[in-house]
Structures are given as structure tokens and as C-alpha cells.
Amino acid sequence: MNHKTDIEPIISRYLNGEYSQADRQDLNRWLTESEENSRTFFEIKDVWDASLKKEDSTKEALLSFYREKASNSKPLVSLVRQWKAAAGIAAALTIGLFTMLILNMTRNSIPDVQHKQAMVTVNVPLGSKSRVTLADSTIVFLNSGSELQYPSVFVEGKREVSLIGEAFFNVKSDTANPFTVKTNDYDILVTGTQFNVCAYGDDPFSKVSLKEGKVGILFTGKSEPVGIVPGQQIYLNRVERKYQVKESDAEVESSWKEGEFRYKEISFPELIKRLERWYNVTLTYSLPQLDEMRYSGNFKNQETIWQVLDGLKLTTPIDYKKKGFREFEIIYKPMK
Amino acid sequence: MSLFDQIFQRYYQPLLLYGLKFVDDENEVHDILQEVFTMVWENQKHKLNETHLKPYLYNAVRNGCLNYLRHKLVVSKHIEKQQITLPLLELEFYKSGEKSLIEKQDLEIINKAIGSLTPEYREVIELSRFEGLKNREIAEKLQIPERTVETRLYRALSTLRKKLTKNQVFVLMNMIFQTTEKQTVYLIEQ
């Protein structure tokens with residue numbers, strides 16, 4: 027083999043591409059030919075390794091270290107790993123997770139006998155998700171950038187929680203103690219049921235999709251709740267203060283809790299907003315011509331934000347530029 | 799901030815890069831580092847001075863990686879075993895006293911060296927190392943053949959290697975100079 031010219035692309039492929047079995051065999055052979063060859067390779071690879079620019083994870087690692095030391099139990103790292111796999115993103119995740127866990131720990135240490143209604147707030151950072159079990163064994167899945175407030179113990183006669191953001195509720199049935207989810211624009215009155223709420227403070231809309239059972243939506247300032255049945259959705263236009271009852275698939279609406287991102291006929295701004303929360307990135311754009319477009323599709327959240335944006339490029343006349351740390355600008359580009 | 803925290807903050811990121819040289823799985827490397835720092839904590843190693851602490855840490859990470867690769871060698875299938883041979887050889891290389899740039903250099907210096915590359919070379923390094931694009935993706939993005947990307951990438955790395963090794967000599971001389979100076983001061987005081 028001609029050393030200089032043939033081995034260079036093989037090394038490049040080995041370091042940063044898809045290399046074949048043959049490439050690896052050639053490389054191995056070349057390395058064993060002389061000590062100089064292997065030194066060259068290791069030094070080239072060393073430059074490659076040293077020039078990797080990575081987000082600094084020291085803070086999260088230090089927190090993780092102290093947490094592990096304090097609990098003295100099974101390393102939390104593996105838990106973090108599952109989370110990463112689920113959310114597909116490392117950033118900003120661990121801090122939120124730990125503050126949450128620490129918070130929960132302190133709450134648990136308060137003896138329940140006091141029957142004081144200590145309020146617990148769970149904040150889910152952008153780019154991650156969470157799951158909370160309430161005192162009545164109601165299960166709440168929380169999507170990125172959401173906040174749930176609930177009492178550590180429910181008082182007799184009512185179960186009340188507040189939500190900003192998106193959550194899927196699986197409410198434990200208990201007719202004697204009605205369950206209420208308070209949002210910015212309405213209260214959701216339920217007894218026992220499953221439904222998805224999407225009520226972010228910075229979205230122009232808010233919606234409740236019912237999977238099972240029955241819910242009533244009581245708009246702030248109104249006295250009669252609006253009821254929906256499974257397969258229906260209340261969609262509130264927060265700007266015009268108008269709502270409509272639509273057909274909707276609660277499975278699709280709540281697919282995020284399975285680590286999937288399925289969306290059906292959502293607008294460009296909504297899609298962008300979701301990607302921002304999901305990937306913890308900032309996407310800037312000024313493309314009024316796209317506001318009318320509707321997007322349907324799904325991905326499993328194993329894709330990187332690059333791949334998602336590249337996919338979007340295929341169907342939409344846009345291109346994107348990296349602007350800074352976790353920041354992209356989306357620009358108009360007529361399709362070929 | 800406690801001494802331990804300072805040590806942790808100073809070394810965690812470079813040690814992560816160092817571990818990634820041998821183990822191609824970031825989560826595993828995080829695990830290995832957690833174990834290394836547990837050892838540091840338990841044996842109060844953070845109280846060592848830098849001349850001893852630094853080699854101790856890099857050696858500990860190497861051993862952690864070696865254990866992981868050995869374990870993987872036992873549990874994995876034939877095809878995966880082949881993928882481990884090279885990292886094992888590389889570990890041997892560093893075990894014999896060779897030092898990685900990550901250990902020797904400030905990461906700042908490496909960044910500066912990248913900044914001083916010609917635009918063509920710098921571009922492929924930035925796209926691959928900062929933005930994580932594969933050769934094929936870089937080729938698509940720049941509208942050039944993949945083969946050209948491969949050549950440019952190799953040449954860019956080769957240029958960096960020369961720059962950084964030259965730099966190393968300079969740093970070394972600087973150190974010798976400082977040492978003699980200190981000794982002189984010491985003598986005068988006597």
C-alpha cells in the first residue's frame with residue numbers, strides 16, 4: 027500500500043465516518059508495519075480527540091457525585107442514563123432532575139401526621155420530562171418546560187393541582203373527592219379519567235384532549251363547565267378568547283410521554299415551539315408566509331436537532347444557520 | 799469552594815475527553831469518572847500536589863477504561879471484539895508513558911491552534927468536532943466530494959499535530975527556564 031496517499035482517507039473515515047471492515051483491516055495492517063506508523067496514527071487521533079468541543083458537564087457531574095455519595099446507594103448515573111435515552115438530550119437535564127429529587131426528598135421527610143398542606147412544586151427543565159405520583163396515587167406525566175404544583179397531602183373533599191405547560195393525567199377514581207386541574211384559563215373538573223392538557227403560558231392556544239372517562243372545563247369567570255367525551259378536545263384560542271370542541275386523538279396528543287413526538291396538522295409556529303422545548307434550543311425565524319402551513323408527522327426523539335431541521339428542509343422552503351450555543355436561525359429559502 | 803470541588807472542576811472535562819479516546823460511549827465514561835472521583839475522595843487524593851495528582855488521575859481513568867474494555871471483550875460478539883483491539887493498543891501506547899495533548903496542553907491552546915488553520919482546514923475541523931457532522935454530511939453541506947473531505951480532514955489534523963508539538967517544545971523550555979530562575983532565587987536567599 028502506498029503509505030501516504032492511501033492511509034490518509036482510511037484514517038479520516040475511521041475517525042469520522044462510516045468505515046468498512048476492509049478499512050479496519052487495512053488500518054490494522056498499516057499500524058503493525060512500523061512503530062512510526064502507529065505513533066503517527068495515535069498522535070493524529072490524539073489531535074482529533076483533543077479538539078472535540080463538548081458542552082461542559084462538570085456541574086451536573088459534581089451534583090451527581092454528591093448525590094450518590096449522600097444516598098450511598100446505587101449510582102444515580104444509570105438513572106441519568108435512562109433519562110438521557112428517553113429525552114435524547116443531555117443538556118440542562120441533570121440539574122433539574124436533581125433539584126427535583128432533592129425537593130421530593132425533603133418533602134417526604136416531613137411527617138404526614140401533621141396534615142399540613144405543604145405545597146410541592148415540580149419544574150421540568152426544557153429538554154426533559156418527568157413523572158410524578160400524587161398522594162392519591164394519581165399519576166402525572168410532565169412534558170418539557172412544565173410546572174406542576176400540588177399539595178403533599180390532599181385535604182378531605184378536594185384534590186386540587188395547578189399546571190402550567192403540558193401534562194398527561196391518569197386520575198385515580200374517587201367520586202367523593204373530585205379532582206381539579208387549574209390552568210391559566212380554565213379549571214378541569216374530573217373524578218377519575220385519563221386526559222392530556224397542553225397549557226403553556228407562552229402559547230397562543232391551550233387544549234385538553236380526553237382519552238377516557240369524562241371531564242368538564244370550567245373557564246375562568248364562567249359558572250357552567252363545558253363537557254367533552256373521549257376522542258374530543260377542547261381547543262382554546264387564547265388571543266381571541268374563543269374555544270371549540272374538536273375531534274382529536276388523545277394517543278397522538280400524549281405520545282410525548284412515550285418519548286415519541288407525533289403531531290397532526292399543527293402549525294409551523296407550534297411545531298417550532300415544540301422543538302424548542304423538546305430539544306432545549308432557541309429557534310428564531312421571521313416567516314409569516316409559513317404560519318399557514320400545517321405539519322403532520324412523527325419522530326422518536328432519537329434524532330438530533332440537526333436531523334430534524336434537515337428533515338424539515340425537505341418539505342418546507344427553509345434553511346437554517348447555527349447562531350450560537352443551542353441557537354439556530356431559520357431562514358426562507360425557495361425550494362429547488 | 800472546597801479543595802475537592804476545585805479539583806473536580808479543573809479536571810472533569812479534560813478527563814472526560816481523555817476517557818472518550820478509549821471508550822466510545824459518553825455515559826460509560828461518566829460512570830468511570832464518578833468511580834475515579836470516589837476513589838479520590840475516599841483516599842483524600844485531592845490533597846496531593848499537582849505534579850502527583852495529575853498523573854494519578856490520568857492513570858486512574860486509563861485503568862477504568864481498561865477494565866471496561868476487558869469486560870466488554872468477554873461479553874461481546876466477534877465483530878465487536880474487533881472494534882476493541884485498537885482502543886486496547888492505544889491504551890498500551892499511553893501506558894508506556896506517552897502523554898495525550900489533553901493531559902499536556904491547555905484546551906485553550908488547542909482551540910487557538912484550530913483558529914490559526916487555513917479556512918479550508920478549519921472548516922472541516924469545526925464541522926466535525928464542534929458540530930458533530932460526519933464526513934458524508936460535511937461533503938453534502940460544502941458540496942464537495944466525500945473523498946475531498948477525507949483528505950482535508952487528515953491534512954488539517956496533521957497540520958494541527960505539527961503546530962501543537964512545536965508548541966510543546968516551547969512550553970517545556972519555558973518550564974526549564976522558570977526552574978533555574980527559582981533555584982537562583984533560592985541560592986541568593988541562602
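Quick note, the sequences are listed as chains X and E, same order.
Take 27 as the starting number for the first sequence in our numbering and just add one per residue.
Take 799 as the starting number for the second sequence in our numbering and just add one per residue.
A virtual CB, placed ideally from N, CA and C, is assigned to each residue, including glycine.
It should be emphasised that the depicted structure is a prediction, and the values quoted were computed from it without experimental measurement.
query                                                                                                                                                                                                                 : result
Below 8 Å, can you find three or more Cβ-Cβ pairs linking the stretch 335 to 354 of chain X to the stretch 809 to 824 of chain E?                                                                                     : no
Closer than 6 Å by C-beta to Y346(X): which residues in its own chain qualify, once you throw out the five before and the five after it? Chain order, please.                                                         : L335, F354 and I356
Please report the residue range of the beta strand (DSSP E) in which K184(X) lies.                                                                                                                                    : It is not in any beta strand (DSSP E) - K184(X) carries neither H nor E in the DSSP assignment.
By the 10 Å Cβ neighbour count, where 16 or more other Cβ atoms means buried, how is H844(E) classified, buried or exposed?                                                                                           : buried
Using beta carbons (cut-off 7 Å, strictly below), is K932(E) in contact with chain X?                                                                                                                                 : yes
Could you check whether the stretch 281 to 298 of chain X touches the stretch 318 to 325 of chain X, counting it as contact only if at least three pairs of C-beta atoms, one from each stretch, sit closer than 8 Å? : yes
If I follow the unbroken alpha helix (DSSP H) through M799(E), where does it start and stop?                                                                                                                          : Note, M799(E): premise wrong, no alpha helix (DSSP H); not H, not E.
For chain E, find out if any of its Cβ atoms is closer than 7 Å to the Cβ of G350(X); answer yes or no.                                                                                                               : no
Residues of chain X with CB under 7 Å from I908(E), in chain order?                                                                                                                                                   : A76 and S77
When DSSP labels each residue in this structure, what does I2(X) get in the three-state scheme?                                                                                                                       : Nothing about residue 2(X) can be reported from this structure: the residues present for chain X run from 27 to 362 only.
DSSP state of N196(X), grouped into three classes?                                                                                                                                                                    : strand
Taking 7 Å as the cut-off, decide whether the C-beta atoms of T813(E) and L831(E) are in contact.                                                                                                                     : Residue identity differs from the one stated: residue 813(E) is Leu in this sequence, not Thr. The answer is yes: Cβ separation under 7 Å.
Taking the alpha-carbon positions, what's the Y176(X) to K208(X) distance?                                                                                                                                            : 10 Å
Pairs of beta-carbons, one from the stretch 305 to 314 of chain X and one from the stretch 158 to 166 of chain X, closer than 8 Å: are there three or more?                                                           : no
Report the neighbours of Y952(E) on chain X: residues whose CB is nearer than 8 Å to its CB, in chain order.                                                                                                          : E34, P35, I37, S38 and I70
Answer with buried or exposed for S38(X), where buried requires no fewer than 16 other C-beta atoms within 10 angstroms of its C-beta.                                                                                : buried
Could you list which residues in chain E have their beta carbon closer than 9 Å to that of S90(X), in chain order?                                                                                                    : H828 and Q832
Going along chain X in order, which residues have a C-beta closer than 8 Å to the C-beta of L958(E)?                                                                                                                  : V73 and S77
Please report how far the alpha carbon of Q811(E) lies from the alpha carbon of Y892(E), in whole angstroms.                                                                                                          : 19 Å
Against D82(X), what residues of chain E qualify as contacts under a CB-to-CB distance less than 7 Å, listed in chain order?                                                                                          : Q811
Per DSSP, R157(X) forms a beta bridge with which residues?                                                                                                                                                            : F167(X)
Taking contact to mean at least 3 C-beta pairs separated by less than 8 Å, is the stretch 803 to 810 of chain E in contact with the stretch 895 to 912 of chain E?                                                    : no
Need the endpoints of the alpha helix (DSSP H) that P343(X) sits in, please.                                                                                                                                          : Segment: none, P343(X) is in no alpha helix (DSSP H) and carries neither H nor E.
Taking only beta-carbon positions, decide if F820(E) is within less than 7 Å of chain X.                                                                                                                              : no
With V838(E) as the anchor, note down where its alpha helix (DSSP H) starts and where it stops.                                                                                                                       : E824 to E840
How big is the Cα-Cα spacing for V197(X) and T84(X)?                                                                                                                                                                  : 39 Å
I'd like to know whether the C-beta of F835(E) is nearer than 7 Å to at least one C-beta of chain X.                                                                                                                  : yes
Taking the beta carbon of Q259(X) as the centre, do at least 16 other beta carbons fall within 10 Å, making it buried, or is it exposed?                                                                              : buried
Taking only beta-carbon atoms, is F891(E) less than 7 Å away from chain X?                                                                                                                                            : yes
Looking at chain X, is there any beta carbon in it that lies within less than 7 Å of the beta carbon of E901(E)?                                                                                                      : no
Alpha carbon to alpha carbon, how far is K348(X) from D211(X)? Give it in angstroms, no decimals.                                                                                                                     : 36 Å
According to the neighbour-count rule (16 or more other Cβ atoms, all chains shown, within 10 Å of its Cβ), is E192(X) buried or exposed?                                                                             : buried
Run the CB neighbour count on L931(E), radius 10 Å, all protein chains shown included, and call it buried at 16 or more, exposed below.                                                                               : buried
For the putative contact between T957(E) and L915(E), defined by C-beta atoms under 8 Å, what is the C-beta separation to the nearest angstrom?                                                                       : 6 Å
Quick check: the stretch 77 to 94 of chain X against the stretch 831 to 840 of chain E, are there 3 or more CB pairs under 8 Å?                                                                                       : yes
Quick one: is the Cβ of I908(E) within less than 6 Å of any heavy atom of the ligand GDP?                                                                                                                             : With respect to small molecules bound, the structure shown includes none, and the ligand GDP cannot be examined in it.
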